[in-house]
Amino acid sequence: MSTNFRLFLMLFLDHPTTKKFLIGVWIGLAFSIAVILSTVGIMDGFERALRHGLRNSAGDVTMQSRYGFFLVTDRLREKLDEENIKTFSPLVQTESFMVFNDESRGVLIKGIDSSYGKVVGLPLDLTPMSVIIGSEIARINHVAVGDEIVLAFGKGGTEFKNMPALSRFRVERIITHGVYQKDARMIYMRLDDIQRIQGLGSKVNTIALNVERPPKIGDNDLKLIEEKITDLRLKFEPDFYFKPYWREFSSLIEAVQAEKVLISLILQLIVVISVFNVLAFIYFINEKKSKELFLFKALGLSKKAMNNLWLKFVFGIWVASSLLSMVFVQLFRFLLLNVPLFKLPAEVYHMPRIDLFLSWQDYALVFTLALVWILLITYYLLRKLRNKSLLEGLRQEFV
């Protein structure tokens, strides 16, 4: 820190009122930046959690036949291997009614084998005639591990097709996907159990598969999956069609992305208002310490050097505010995750809690925009102050 800047701070921050004003400006700017960061973090966190929950319930891509049930032949496996699909799982997906304690609800059944857990990354090992149910099913219907539930299945094309097939299963585990709609409808059972009950033999109606991805790609895989789906369609159409894991909520994800940009731009007004507080502080110092400022100039400090001192000062406020804003963001995050007031209705928002997610690009963008506003408004104010003559300042010194 230069001698001039150190003297500058000592001279202009020597009064408690000035220090309190500066602390208020610092906290206000930090809070404004934190509001924008938290807004971006909530939207990114919502999208990330939603995508993670959807992938945990279906894998990257769902492959289904246009003609209903089909056999997973060696030729089909070879074609998947040709497209570098190493992780996939055949399954039967159907709808059913669950009956428990004289109450029933519609559920989505997935008949799976051991390979499905590798696709979705969840512990889904099952024993015969047992099921794994979603956490919301367990909560709403008061089902516990070890309870027995009854599932009603249609009999398809048999002569008793108008009569449901009722089967009793033991609840082996309760699982959470992180998306309300999945946790409120999803029930897993063994593939051979559902094939036997519905008389399907070895047929399935769905294949869940994962796209091979580079290790550094992380969650930014939408484009990669879309490109792979295009390749798969060329290979398998017209017999099969493919859906990415986010298809069911694609319009919601697009809306969140659009709203994130719009709201972030609108919230820049909060930062601008806080920057005007910085402007007010500089103006306050120039009025309260005008004698000292013009004595600086009279003693040989040029206008350019004085402006540089002010720019260093506001840059320091920006750095301190940016650091404090990160503390505020962590406070907001704690409140979102732990305080009952901030718990969301899962039926509306798809998940009861939303965690903040901010990348370094988000921090860089928000901090840079705040710095741009500060420098623009400070530059304008310094140009206005530059018009004040040295003679006027010296007259004020001896009033």
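Sequential numbering of the sequence shown, starting at 1, is according to the UniProt record's numbering. Glycine included, C-beta positions come from ideal geometry on N, C-alpha and C. Small disclaimer: the values here were computed from a predicted structure and weren't measured.
Looking only at its chain, what residues have a beta carbon closer than 7 Å to the beta carbon of S274, apart from the 5 residues adjacent to it on each side?
Working through the sequence shown from its first residue, we reach residue 274 at position 274. Annotation for S274: G28, L29, S32 place their beta carbon closer than 7 Å to its own, counting only its chain and skipping 5 residues before and after.
Can you tell which of L269, M98, L376 has its C-alpha closest to the C-alpha of E148?
The sequence position of residue 148 within the sequence shown is 148, counting from 1. Here the closest residue by C-alpha is M98.
In terms of DSSP beta bridges, what is Q64 paired with?
Walking along the sequence shown from the start, residue 64 turns up at place 64. In the DSSP output, where bridge partners are listed per residue, Q64 has T206, Y241.
Same chain only: Cβ atoms within 7 Å of L122, ignoring 5 sequence neighbours per side:
For this step, residue 122 is matched to residue 122 along the sequence shown. Within the same chain, L122 has close Cβ partners N56, I175.
Check the DSSP bridge columns for Y188 and list the partner residues they point to.
As a working note, residue 188 is residue 188 in the sequence shown. According to DSSP, which records beta bridges pairwise, Y188 is partnered with K110, I132.
CA-to-CA distance, I23 to P16, given in whole angstroms:
If you number the sequence shown from 1, residue 16 lands on position 16. If you number the sequence shown from 1, residue 23 lands on position 23. When rounded, the separation of the alpha-carbon atoms in P16 and I23 is 10 Å.
Can you tell me which of the three DSSP states A34 falls into?
Stepping through the sequence shown from its first residue, residue 34 is reached at position 34. Assigned with DSSP and collapsed to three states, A34 falls in helix.
Using only CA atoms, which one of T87, I354, E95, T18 lies nearest to A152?
Residue 152 sits at position 152 when you count from the first residue of the sequence shown. Nearest option by C-alpha distance: E95.
Secondary structure at L50, three-state DSSP: helix, strand or coil?
The residue you call residue 50 lines up with position 50 of the sequence shown. Three-state result, L50: helix.
Along the chain, where does the alpha helix (DSSP H) containing T94 start, and where does it finish?
On the sequence shown, position 94 is the one that residue 94 refers to. For T94, no alpha helix (DSSP H) run applies; the uninterrupted beta strand (DSSP E) run containing it begins and ends at 87 to 100, by DSSP.
Alpha carbon to alpha carbon, how far is L376 from F242? Give it in angstroms, no decimals.
Counting from 1 along the sequence shown, the entry for residue 242 is found at position 242. Counting from 1 along the sequence shown, the entry for residue 376 is found at position 376. Distance between the alpha carbons of F242 and L376: 51 Å.
Name the residue from V339, W310, F249, L365 whose alpha carbon lies nearest to the alpha carbon of L50.
Here the question's residue 50 lines up with position 50 in the sequence shown. It is F249 whose Cα lies nearest to the Cα of L50.
Can you tell me which of V171, S167, Y116 puts its alpha carbon nearest to the alpha carbon of H142?
As a working mapping, residue 142 is identified with position 142 in the sequence shown. Residue V171 holds the alpha-carbon nearest to the alpha-carbon of H142 among V171, S167, Y116.
Please classify L151: does DSSP put it in a helix, a strand, or coil?
Start at 1 with the first residue of the sequence shown, and residue 151 comes out as number 151. Correct three-state label for L151: strand.
Using the Cβ count rule (16 or more neighbours within 10 Å means buried), how would you classify residue 400?
Outside the modelled stretch of the chain, which goes from 1 to 399, sits residue 400, for which no answer is possible.
Report back the beta-carbon spacing between V256 and F46 to the nearest angstrom; my notes put them in contact at under 8 Å.
Looking up residue 256 in the sequence shown gives position 256. Looking up residue 46 in the sequence shown gives position 46. Confirmed, Cβ separation roughly 6 Å.
Could you check what DSSP says for L382 in three-state terms: helix, strand or coil?
What you label residue 382 is simply residue 382 of the sequence shown in a count that begins at 1. The answer is helix: DSSP assigns L382 an H, G or I state.
State the Cα-Cα distance for the pair I73 and K86, rounded to the nearest angstrom.
The residue you call residue 73 lines up with position 73 of the sequence shown. The residue you call residue 86 lines up with position 86 of the sequence shown. Checking the sequence, you will find Thr at residue 73 rather than Ile. For T73 and K86, the distance between alpha carbons rounds to 16 Å.
Spatially closest choice to T39 from V272, P340, L279, V261, by CA coordinates:
Taking the first residue of the sequence shown as 1, we reach residue 39 at position 39. Comparing Cα positions, the closest option is V261.
Inter-residue CB distance, I187 and V131 (contact presumed, cutoff 8 Å)
For this step, residue 187 is matched to residue 187 along the sequence shown. For this step, residue 131 is matched to residue 131 along the sequence shown. Their Cβ separation, rounded to whole angstroms, is 5 Å, which keeps I187 and V131 in contact under 8 Å.
S250 (DSSP reduced to helix, strand or coil)
Position 250 of the sequence shown, counted from the first residue, corresponds to residue 250. Helix, per DSSP.
Once the 5 residues before and after I194 are set aside, which same chain residues still bring their CB inside 6 Å of it?
As a first step, residue 194 must be located in the sequence shown, where it is residue number 194. These residues qualify, in order along the chain: V92, G111.
From which residue to which residue does the alpha helix (DSSP H) around S115 run?
In the sequence shown, counting from the first residue as 1, residue 115 sits at position 115. Per DSSP, S115 belongs to the alpha helix (DSSP H) from 115 to 120.
Considering only residues of the same chain and omitting the five flanking positions on each side of L126, which have a CB-CB separation below 8 Å?
Taking the sequence shown and counting its residues from 1, the one referred to as residue 126 is at position 126. Once the five neighbours on either side are set aside, the close Cβ partners of L126 are I112, I132, E172, Y188, M189, R190.
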